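The block underneath contains the structure these notes are about, expressed in structure tokens.
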Amino acid sequence: MPAYEQIKRYVIRRISEGDWKPGGLIPSETELVKEFGVARMTVSRALRELTTERVLTRVQGSGTFVAPQRYESTVLEIRNIADEIAARGHRHSARVLTLEPSDDPHALEALGLASGPAFHSCIVHSEEGEPIQYEDRYVNPKVFPDYLQQDFTVETPNHYMVRLAPIQRAEFRIYAQKPDAYVRRHLMMDIGEPCLQLWRRTWVGEDVATSVQLWHPASRFHLAGNV
Numbered sequence: 001m002p003a004y005e006q007i008k009r010y011v012i013r014r015i016s017e018g019d020w021k022p023g024g025l026i027p028s029e030t031e032l033v034k035e036f037g038v039a040r041m042t043v044s045r046a047l048r049e050l051t052t053e054r055v056l057t058r059v060q061g062s063g064t065f066v067a068p069q070r071y072e073s074t075v076l077e078i079r080n081i082a083d084e085i086a087a088r089g090h091r092h093s094a095r096v097l098t099l100e101p102s103d104d105p106h107a108l109e110a111l112g113l114a115s116g117p118a119f120h121s122c123i124v125h126s127e128e129g130e131p132i133q134y135e136d137r138y139v140n141p142k143v144f145p146d147y148l149q150q151d152f153t154v155e156t157p158n159h160y161m162v163r164l165a166p167i168q169r170a171e172f173r174i175y176a177q178k179p180d181a182y183v184r185r186h187l188m189m190d191i192g193e194p195c196l197q198l199w200r201r202t203w204v205g206e207d208v209a210t211s212v213q214l215w216h217p218a219s220r221f222h223l224a225g226n227v
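Position 115 of the sequence shown, counting from 1, maps to 115 under UniProt numbering, and the rest follow consecutively.
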């Protein structure tokens, strides 16, 4: 795992365990450089990414602080697409495109695995027969060893994993993206139609449990929540 990722995990762990409180000042870059024995640019990258992800806030001349508590609540609000559809009184269905082992190096790095394979699934979720989500997920086999044996047309991966092992923490990013032709075809989108992409990584204990990318046609989906 790259050194900057180790520093990010360290910072997130200290926050999640309550050692560093919302609004509190965290150690300076100089202190973190000494603690981890790395270059200053490595520490700067870790803190910059955590600031972009709204885990931290940086104030010129004052230092780096833990972001307000409301962000943590938003991060941990992980919804099951089938439950969202059912709440609208509609029918959810799923089509499994991929369910197999994978040695993808980027996936292994995201999961913090030194070697493979990871587990990989690609699923199209539909509401009343109309596709609204393309789910591309990698899973840590240490956390969910029976993942490949599941029937995800009956139970979503999200529901399966939360049922087995409650999530301790998560991080996510949201993008406005143009999907590639493969994703666009499975979501039945027009060329040039905007797409909402959500990337999320979740932990169970100290292990990264899963890394997932979710694509949604902007015309058929919206994000909402309470803070």
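Glycine included, each C-beta is placed from N, C-alpha and C at the ideal position. Since the model is a prediction, treat every value here as computed from it, not as a measurement.
Residue from the options with nearest C-alpha to residue i
{"i": "Ile-123", "options": "Gly-18, Trp-215, Thr-52", "result": "Trp-215"}
{"i": "Met-189", "options": "Glu-130, Leu-148, Pro-141, Pro-157", "result": "Glu-130"}
{"i": "residue 254", "options": "Glu-128, Ala-118, Ser-126, Tyr-134", "result": "No answer is possible for residue 254: the residues shown for the chain start at 1 and end at 227."}
{"i": "Gln-168", "options": "Arg-13, Val-204, Ile-85", "result": "Val-204"}
{"i": "residue 240", "options": "Pro-2, Asp-19, Arg-13", "result": "Missing from the structure shown is residue 240; the chain here goes from 1 to 227 and no further."}
{"i": "Ala-82", "options": "Tyr-160, Thr-156, Ile-191, Ser-211", "result": "Thr-156"}
{"i": "residue 296", "options": "His-125, Ile-191, Tyr-160", "result": "Nothing about residue 296 can be read from this structure; the chain reaches only from 1 to 227."}
{"i": "residue 236", "options": "Leu-113, Glu-84, Ile-191", "result": "Residue 236 cannot be examined here, being either before or after the span of the chain that is shown, 1 to 227."}
{"i": "Arg-88", "options": "Glu-128, Tyr-134, Ala-107, Thr-57", "result": "Glu-128"}
{"i": "Glu-206", "options": "Arg-184, Ile-191, Pro-166, Ser-115", "result": "Pro-166"}
{"i": "Val-212", "options": "Gln-177, Arg-137, Val-162", "result": "Arg-137"}
{"i": "Trp-20", "options": "Leu-56, Pro-194, Ile-191", "result": "Leu-56"}
{"i": "Asp-180", "options": "Tyr-134, Arg-163, Ala-209, Arg-48", "result": "Tyr-134"}
{"i": "Arg-79", "options": "Glu-193, Val-162, Ala-209", "result": "Val-162"}
{"i": "Ser-121", "options": "Glu-53, Ala-110, Thr-210", "result": "Thr-210"}
{"i": "Ala-114", "options": "Pro-145, Leu-32, Pro-141", "result": "Pro-141"}
Residue i versus residue j - alpha carbon distance
{"i": "Ala-218", "j": "Tyr-182", "result": "17 Å"}
{"i": "Ile-15", "j": "Ile-132", "result": "34 Å"}
{"i": "Thr-30", "j": "Thr-51", "result": "17 Å"}
{"i": "Ser-62", "j": "Leu-25", "result": "9 Å"}
{"i": "Arg-70", "j": "Gly-18", "result": "For Arg-70, the predicted structure reports a pLDDT of 39, less than 50, and the residue's modelled location is therefore unreliable. A value from the coordinates is still provided. When rounded, the distance between both Cα atoms is 15 Å."}
{"i": "His-125", "j": "Ser-28", "result": "44 Å"}
{"i": "Thr-74", "j": "Arg-185", "result": "In this prediction, Thr-74 has a pLDDT of 36, which is less than 50 and means its spatial position is unreliable; what the coordinates show is noted afterwards. Whole-angstrom Cα-Cα distance: 31 Å."}
{"i": "Arg-48", "j": "Val-11", "result": "12 Å"}
{"i": "Ala-107", "j": "Glu-100", "result": "13 Å"}
Integer-rounded CB distance, given that residue j should sit under 8 Å from residue i
{"i": "Ser-102", "j": "Gly-116", "result": "7 Å"}
{"i": "Pro-22", "j": "Val-59", "result": "Contact flag wrong, Cβ pair sits at about 14 Å."}
{"i": "Val-208", "j": "Ala-110", "result": "7 Å"}
> Would the segment 150-168 and the segment 95-107 be scored as touching if the rule is three or more Cβ pairs under 8 Å?
Replying inline: yes
> Does the pairing of the segment 173-182 with the segment 198-215 give three or more beta-carbon distances under 8 Å?
Replying inline: yes
> Which ranges would you report for the beta strand (DSSP E) in the segment 17-72 if only whole runs of at least 3 residues count?
Replying inline: 56-59, 63-66
>> Across the segment 3-18 and the segment 29-48, are there enough close Cβ pairs to call them in contact, namely three or more that are closer than 8 Å?
In response: yes
>> What ranges does the alpha helix (DSSP H) occupy inside the segment 148-215, keeping only unbroken runs of at least 4 residues that lie completely in it?
In response: 157-164, 181-186
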